[in-house]
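One point on numbering: in UniProt numbering, the residue at position 114 of the sequence shown is 114, and numbering is uninterrupted.
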Amino acid sequence: MLFHLPNDLKHFKEITSGHTIIMGRNTLLSLPKWPLPNRRHIVISDQLDDCFEGCEVVSSIEEAIEKVKDETEAFIIGGGMIYRQFYPLASKLYLTVVHQDFDADVYFPEINYAEWEQISREDFHDEKNKFDYSYINLERK
1 MLFHLPNDLK HFKEITSGHT IIMGRNTLLS LPKWPLPNRR HIVISDQLDD CFEGCEVVSS
61 IEEAIEKVKD ETEAFIIGGG MIYRQFYPLA SKLYLTVVHQ DFDADVYFPE INYAEWEQIS
121 REDFHDEKNK FDYSYINLER K
């Protein structure tokens, strides 16, 4: 991650706890500790011999979707390729928008806001965080 927002980490924990999180291999390896408590982990990797304790490894988004077909909600947490593959299938987006430009090698797909309805928005500015940010929840129209 490009920045450290403690409140966002708490928010992430609150909304994903009790749900499945789906990610690519590099995203899993970037976590400081895994598996994250009280969450089912599905890792999409082309290296099926990968064995990550507490995680299920699948080879495709189709296989990941099959594993969560009976769940009411699952969270896609990265990386960039995984976001791009799942974006057209998403019915909801839980976004943390940091109001700062960054140079990075991976970005979230560009959002066509005409396809989405904003359900909620919370804006944050305080001295505890280096950057202003917002939580924006969208549902596909």
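Using N, Cα and C, we set each Cβ at its ideal position, and we do this for glycine too.
| Query | Result |
| --- | --- |
| 3-residue-minimum beta strand (DSSP E) runs that sit fully inside the UniProt domain "DHFR" (1-140), ordered along the chain | 20-24, 40-44, 55-58, 74-76, 92-98, 116-124, 133-140 |
| Option nearest Phe102 by Cα separation, candidates Gln85, Phe131, Asn112, Asp8 | Phe131 |
| Cα-Cα separation, Leu93 to Asp49 | 31 Å |
| Same chain, Cβ closer than 7 Å to Ala64, neighbours up to 5 away in sequence not counted | Ile22, Ile42, Ile44, Val58 |
| Counted within 10 angstroms of its Cβ, other Cβ atoms place Ile119 as buried (16 or more) or exposed | exposed |
| Straight-line Cα distance separating Met81 from Asn26 | 11 Å |
| Cys51, buried or exposed, once every other Cβ within 10 Å from all chains shown has been counted against 16 | exposed |
| Under 8 Å between C-beta atoms of Gly79 and Val106 | yes |
| Close-in-space but distant-in-sequence residues of the same chain around Tyr87 (CB under 7 Å, 5 per side omitted) | Pro109 |
| Within 8 Å, strictly: CB atoms of Val68 and Thr20 | yes |
| Within 8 Å, strictly: CB atoms of Cys55 and Pro35 | yes |
| Pairwise C-alpha distance: Glu14 and Gln47 | 31 Å |
| Rounded separation between Arg140 and Asp123 - CA only | 21 Å |
| Cβ neighbour criterion (16 or more within 10 Å) applied to Tyr113 | exposed |
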